[in-house]
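2 protein chains.
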Amino acid sequence: MGGLSAGLLGVAASEVARAETLADVPDRAPGADLGAHSERSRFARLDRIPEATPGKRNIDPSDAINSKTPHQKLVGNITPTDLHYERSHSGVPDIDPAQHRLLVHGMVRKPLVFSVEDLKRMPSVTRIVFIECTGNGWENWKKADPDLTVQNTHGLVSTNEWTGVPLKFLIDLVAKDKGSTWMLAEGGDGAGVDRSIPLTDEIVNEAFVAYGQNGEPLRPAHGFPMRLVMPGFEGNLNIKWLRRLKFGNAPWMTRWETARYTQLLANGKARQFQLRMETNSVITQPSGMMQIQPGYNRISGLAWSGHGKIAKVEISTDGARTWKQAQLAQPVLSKAQVRFQMDWDWDGKPTRIVSRSTDEQGNAQPDRQTFIAAMGTNALFHYNAQQTWSIDEAGRVRNVLA
Amino acid sequence: MGGLSAGLLGVAASEVARAETLADVPDRAPGADLGAHSERSRFARLDRIPEATPGKRNIDPSDAINSKTPHQKLVGNITPTDLHYERSHSGVPDIDPAQHRLLVHGMVRKPLVFSVEDLKRMPSVTRIVFIECTGNGWENWKKADPDLTVQNTHGLVSTNEWTGVPLKFLIDLVAKDKGSTWMLAEGGDGAGVDRSIPLTDEIVNEAFVAYGQNGEPLRPAHGFPMRLVMPGFEGNLNIKWLRRLKFGNAPWMTRWETARYTQLLANGKARQFQLRMETNSVITQPSGMMQIQPGYNRISGLAWSGHGKIAKVEISTDGARTWKQAQLAQPVLSKAQVRFQMDWDWDGKPTRIVSRSTDEQGNAQPDRQTFIAAMGTNALFHYNAQQTWSIDEAGRVRNVLA
Numbered sequence: 133m134g135g136l137s138a139g140l141l142g143v144a145a146s147e148v149a150r151a152e153t154l155a156d157v158p159d160r161a162p163g164a165d166l167g168a169h170s171e172r173s174r175f176a177r178l179d180r181i182p183e184a185t186p187g188k189r190n191i192d193p194s195d196a197i198n199s200k201t202p203h204q205k206l207v208g209n210i211t212p213t214d215l216h217y218e219r220s221h222s223g224v225p226d227i228d229p230a231q232h233r234l235l236v237h238g239m240v241r242k243p244l245v246f247s248v249e250d251l252k253r254m255p256s257v258t259r260i261v262f263i264e265c266t267g268n269g270w271e272n273w274k275k276a277d278p279d280l281t282v283q284n285t286h287g288l289v290s291t292n293e294w295t296g297v298p299l300k301f302l303i304d305l306v307a308k309d310k311g312s313t314w315m316l317a318e319g320g321d322g323a324g325v326d327r328s329i330p331l332t333d334e335i336v337n338e339a340f341v342a343y344g345q346n347g348e349p350l351r352p353a354h355g356f357p358m359r360l361v362m363p364g365f366e367g368n369l370n371i372k373w374l375r376r377l378k379f380g381n382a383p384w385m386t387r388w389e390t391a392r393y394t395q396l397l398a399n400g401k402a403r404q405f406q407l408r409m410e411t412n413s414v415i416t417q418p419s420g421m422m423q424i425q426p427g428y429n430r431i432s433g434l435a436w437s438g439h440g441k442i443a444k445v446e447i448s449t450d451g452a453r454t455w456k457q458a459q460l461a462q463p464v465l466s467k468a469q470v471r472f473q474m475d476w477d478w479d480g481k482p483t484r485i486v487s488r489s490t491d492e493q494g495n496a497q498p499d500r501q502t503f504i505a506a507m508g509t510n511a512l513f514h515y516n517a518q519q520t521w522s523i524d525e526a527g528r529v530r531n532v533l534a
Numbered sequence: 133m134g135g136l137s138a139g140l141l142g143v144a145a146s147e148v149a150r151a152e153t154l155a156d157v158p159d160r161a162p163g164a165d166l167g168a169h170s171e172r173s174r175f176a177r178l179d180r181i182p183e184a185t186p187g188k189r190n191i192d193p194s195d196a197i198n199s200k201t202p203h204q205k206l207v208g209n210i211t212p213t214d215l216h217y218e219r220s221h222s223g224v225p226d227i228d229p230a231q232h233r234l235l236v237h238g239m240v241r242k243p244l245v246f247s248v249e250d251l252k253r254m255p256s257v258t259r260i261v262f263i264e265c266t267g268n269g270w271e272n273w274k275k276a277d278p279d280l281t282v283q284n285t286h287g288l289v290s291t292n293e294w295t296g297v298p299l300k301f302l303i304d305l306v307a308k309d310k311g312s313t314w315m316l317a318e319g320g321d322g323a324g325v326d327r328s329i330p331l332t333d334e335i336v337n338e339a340f341v342a343y344g345q346n347g348e349p350l351r352p353a354h355g356f357p358m359r360l361v362m363p364g365f366e367g368n369l370n371i372k373w374l375r376r377l378k379f380g381n382a383p384w385m386t387r388w389e390t391a392r393y394t395q396l397l398a399n400g401k402a403r404q405f406q407l408r409m410e411t412n413s414v415i416t417q418p419s420g421m422m423q424i425q426p427g428y429n430r431i432s433g434l435a436w437s438g439h440g441k442i443a444k445v446e447i448s449t450d451g452a453r454t455w456k457q458a459q460l461a462q463p464v465l466s467k468a469q470v471r472f473q474m475d476w477d478w479d480g481k482p483t484r485i486v487s488r489s490t491d492e493q494g495n496a497q498p499d500r501q502t503f504i505a506a507m508g509t510n511a512l513f514h515y516n517a518q519q520t521w522s523i524d525e526a527g528r529v530r531n532v533l534a
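Structure representation (C-alpha cells):
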C-alpha cells in the first residue's frame, strides 16, 4: 500500500502523541503458560448476530435463520472461521464423519459412494473464495432503518480458504454420461436442501467438494464433514453436509428453486435460476452506528464479484458527486473478497460516503435508484446496490438509502 | 489441480464403494440452533503440543518453550488461528489494548508513541506469510528418533494472513534520520525479547506492525495487541507484544543476538545475525507415525522460502534416487507456505519418501548430508535439510535420517 500524501501525513502525525522514553509506555509483564490452542483475548469481543423470528426455534425450514459476520470489527480479506456467516434451514446437524457418505449417481456408468477418507486421499484444490447468501443486503431493499450496522446490512457474505476434491475429478471417477447437463446436490440437514446446478464449463472446472476450511476440517455450521463449494454462485448452491450428487439432463425443480430462491419481478413474473452473485462492495470503516472525529480518517471496506476479480473500487465522500479510486490489497483473487482503503481528511461537515466496485468483466455495482428501477421492490434476493452511510455534524455514521 | 493419469484413476475408483441409491447413505437429521460462533466438531480433534522442560513453568526465559502446529491433521495453506505455533520466553502476557503503547524513537526527528487505535486509523497492508521459529527442525539435527510426527519435526512454522501498518509509513511519520541503518524492536513480554534489525530496502519495504491475524485482532499468544511481521525472517524477529522501535546506526548486541540465536559452527566460531529463513519443505501426508495401505496414495505437504516464492517441489518415492515434480496450489505467494501434492501408487514394498523445494532465486533445499557437511553438528538453528520418511512392509511411516 502506498503512503499518505504529505498533507495527510502531517494530519495523521499530529494526532499521535509525542514521547521520548519508555517512561511513556506501560511496563512489561510475565505471562500465562502456553497451551494447546491460542484463544482470543478477553478484550476482543467478536460475535455474530444470530437472527430468527421471535418465538421460533432455529429449525423452521421456512424461517429466516442466519448468523451474521461482524465486518465492522474485522480487518484483512479472510473471515475468521468461527465468524463466517451461517445460514441454515434446519439448524446445524451433528454428523459423525466416520458414518457420513456421499452418493454420486444418476446418469453415470459407475455410481459410487464416498467416505470422507476417500475424498481426503484424492487430488485436491485449495482456494480462497467468498460465499454469499443470496439474501445478503435485503434489509435495504424495502425500507430505511438508520440504526443498522454493516453486520446487519452485509453480514451474509464471508471469505475463507477452502480445500477439497474438484468436481471434475469425481465426474471422471463415476464416468458421467456426456448427455448429463444438470446436477442435483442434496444436503444431509433435516431440511434436505437440494438444488439443481447447470453443468457449465465454468462450474465443472471450478466447483469442488470441500472438507477443509482455513486449514482445518469444516466446522459443523459450514457443512462438516463435506460441502459443495461453487465459487461465485448463490450461497445456497454451496450445499452443506453434502450427501448426494445426482446427474441428469434437466433441473429437478425442487422446492428450493420454486417456492424459495426465485425472484418476484416488478411485472409479477418470477425469475428462476438467477445463480451468480453480483458485483458488490461496502465500506466497513467507518460504517453504521460508528462515530468519527474530524481530521484524518481511513476509509476501508470489502469488494467482491461472482464474475471474477475486482478491477477497481471507487469511493465518494460527497454523496456520489465525485469519486476517487481506492487501493486494493494485493494480490486480488478471483471470486474472493478484497480489502480496499483510502485516506480521507474529514472537514467536519455533514456528508455521505459510498463505494462502488467494477469487476474485470466490466460489471459495475449499480446505485440504488438504478437497481430498484431494474428489479422493482417485490424481490428478496441478489441485492447489490451501492451502500451509502450518512455522517452528521456530530460524526454519527448511519445507514441511509440514496 | 490436474486429474490423475488413467491408470491411477482406475486404482482410486476401485477403492471406492459402488452404490446406486440413498439406501446406502445415512439419513438426514435436524440440527442444533445457530449461535454467535461456529465451533469445531466434537469429532475434529486438533491440538498443538505444548513443550516445556519437565518441572519448569512456561515462564523461564532460557527454557525451550513452544507449542507446535499439528500439520499432519491440516489441509490447504493457511494455519488455523488457534493452531499457529507459539514460542515464548516468558509466557503469554494479558495486555489491555487500551493501555498498550508503541514508542518509536532514537535517531528520528519526531519521536512518537502510538496506541492501537492510532495504528488502526492508518494505511494498512494485508499479506499471507509464514512465520518460522529459527529452531524449527532441530530435533533431526542431532539424533534419529523414529517416533517423531511432522508436528514434532516441523511444527514451528505456520502461515496466517496478517494486517497492519507498513514500517515505512511509521518511518515517515517519525522522520527517521537517513543515517539510521539499524532498528531495535522490543517486546512487552516479561523477558523483553529485543532484536536488532538491519534496515535493508527489502525489510523497510516489507515489514509491518500487525494488529490483525486471519481477519481478527491478534490472539494474545501471537502478540496482541500488536507485533512486528518480518516476511521471510527468523520468527524471533517478528517481535510480539511490540512496545518499542528504536532507530540507530549499529546493532545493539542484545542477549537475544549474543547468548541466544547465534550459530555455533563446526570450527568453533559463532555466526551472528543469520536472519533469513531458508528454502524448505516437508511431506505432511503420509508422515511420521501414520500407517498407509498399498495402492493409490496421495502425497501432500508444505513448502516455503524466506527468499520469495517457491518455484518447484520435487518428490522421491524411492529414497532420493529418482524425483518427480509435484503440483503446487495456485497462486503461489512470496514468503508463504504453499501446499504441494502428487499421486502415488505404492507397490507395498519398503521404501523412503522425501521432498525437496527450490525457490524463485534458485535456492535448493539441501539433503541432510550436504547440510551437515556445511553446518556441522554444534548449531541449533536454521535446519532445512530434506525430511525423509521411511515406510516398512506393513505401511508404517517413520522418521529417519538420510
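Protein sequence lines, in the order shown, are assigned to chains D and L. Take 133 as the starting number for the first sequence in the numbering used here and just add one per residue. Take 133 as the starting number for the second sequence in the numbering used here and just add one per residue. Where is the CB? At the ideal position from N, CA and C, for every residue including glycine.
query                                                                                                                           : result
Contact check, D:Gly-163 vs L:Pro-426, beta carbons under 9 Å                                                                   : no
Chain-ordered neighbours of L:Lys-242 on chain D, where CB pairs are closer than 8 Å                                            : Ala-145 and Arg-150
Endpoints, the alpha helix (DSSP H) within which L:Met-507 is located                                                           : 500-507
Beta-carbon proximity of L:Ile-263 to L:Gly-344, cut-off 9 Å                                                                    : no
For L:Lys-205, the three-state DSSP class (helix, strand or coil)                                                               : helix
D:Arg-219 versus D:Gly-355: straight-line alpha-carbon distance, rounded                                                        : 11 Å
Which of helix, strand or coil DSSP assigns to L:Asp-306                                                                        : According to the sequence as given, residue 306 of chain L is Val; it is not Asp. Correct three-state label for L:Val-306: helix.
Inter-residue CB distance, L:Arg-92 and L:Gly-420 (contact presumed, cutoff 8 Å)                                                : With chain L covering 133 to 534 only, the question about residue 92 of chain L has no answer from this structure.
Contact set between the region 350-370 of chain L and chain D, restricted to residues whose Cβ is under 7 Å from the partner    : Arg-351, Pro-352, Ala-353, His-354 and Phe-356
Nearest neighbour of D:His-535, chosen from D:Thr-502, D:Val-414 and D:Val-486 [CA to CA]                                       : Lying before the first or after the last residue shown, residue 535 of chain D is absent from chain D, which here runs from 133 to 534.
Every unbroken beta strand (DSSP E) inside the region 271-330 of chain L [3 residues or more]                                   : 289-298, 314-319 and 326-330
For D:Lys-252, the three-state DSSP class (helix, strand or coil)                                                               : helix
Cβ of L:Leu-215 within 9 Å of any chain D Cβ                                                                                    : yes
For L:Met-133, the three-state DSSP class (helix, strand or coil)                                                               : With a pLDDT of 42 at L:Met-133, under the threshold of 50, the modelled position of this residue cannot be trusted; read the value that follows with caution. Correct three-state label for L:Met-133: coil.
For D:His-237, three-class secondary structure by DSSP                                                                          : strand
Alpha-carbon to alpha-carbon, L:Ala-452 and L:Thr-483                                                                           : 10 Å
Cβ neighbours of L:Arg-375 in the same chain (closer than 8 Å, five flanking residues each side left out)                       : His-232, Arg-233, Leu-234, Leu-235, Glu-318, Gly-319 and Gly-320
Beta carbon proximity, D:Trp-294 to chain L, threshold 9 Å                                                                      : yes
Interface flag, D:Gln-231 vs chain L, CB-CB below 9 Å                                                                           : yes
For D:Asn-268, three-class secondary structure by DSSP                                                                          : coil
Residues that D:Asp-475 bridges to, as DSSP identifies them                                                                     : D:Arg-430
Contact set between D:Arg-500 and chain L, taken where Cβ atoms lie within less than 7 Å                                        : Here the premise fails: no neighbours, minimum Cβ distance about 28 Å.
Chain-order list of residues whose beta-carbon lies under 6 Å from that of D:Val-306 (same chain, five-residue window excluded) : Val-236, Val-240, Lys-242 and Leu-244
Contact check, L:Ala-443 vs L:Asp-491, beta carbons under 9 Å                                                                   : yes
Where D:Ser-312 meets chain L, residues with beta-carbon distance less than 9 Å                                                 : Those do not exist, as D:Ser-312 stays about 16 Å from chain L at its closest Cβ, beyond 9 Å.
First through last residue of the beta strand (DSSP E) which encompasses L:Ile-570                                              : The requested residue 570 of chain L is not part of the displayed model; chain L covers only 133 to 534.
Exposure label - L:Gly-347; buried when at least 16 CB within 10 Å                                                              : buried
Cβ-based contacts, 9 Å cut-off: residues of the region 254-271 of chain D near chain L                                          : Met-254, Pro-255, Ser-256, Val-257, Thr-258, Arg-259 and Ile-260
Helix, strand or coil at L:Ile-181 according to DSSP, with G and I counted as helix                                             : strand
Any chain A beta carbon closer than 9 Å to L:Tyr-393                                                                            : In the structure shown, chain A does not exist; the protein chains are D and L.
Among L:Val-297, L:Pro-498, L:Met-474 and L:Phe-340, nearest to L:Ser-432 - alpha-carbon criterion                              : L:Met-474
Pick from D:Phe-472, D:Met-385 and D:Gly-494 that is closest to D:Thr-411, judged by C-alpha positions                          : D:Gly-494
Touch test, the region 325-341 of chain L against the region 284-303 of chain L, Cβ-Cβ under 8 Å, three pairs minimum           : yes
Backbone CA spacing between D:Ile-371 and D:Leu-377 [nearest angstrom]                                                          : 10 Å
Where D:Arg-430 meets chain L, residues with beta-carbon distance less than 9 Å                                                 : Lys-252, Arg-253, Met-254, Pro-255 and Ser-256
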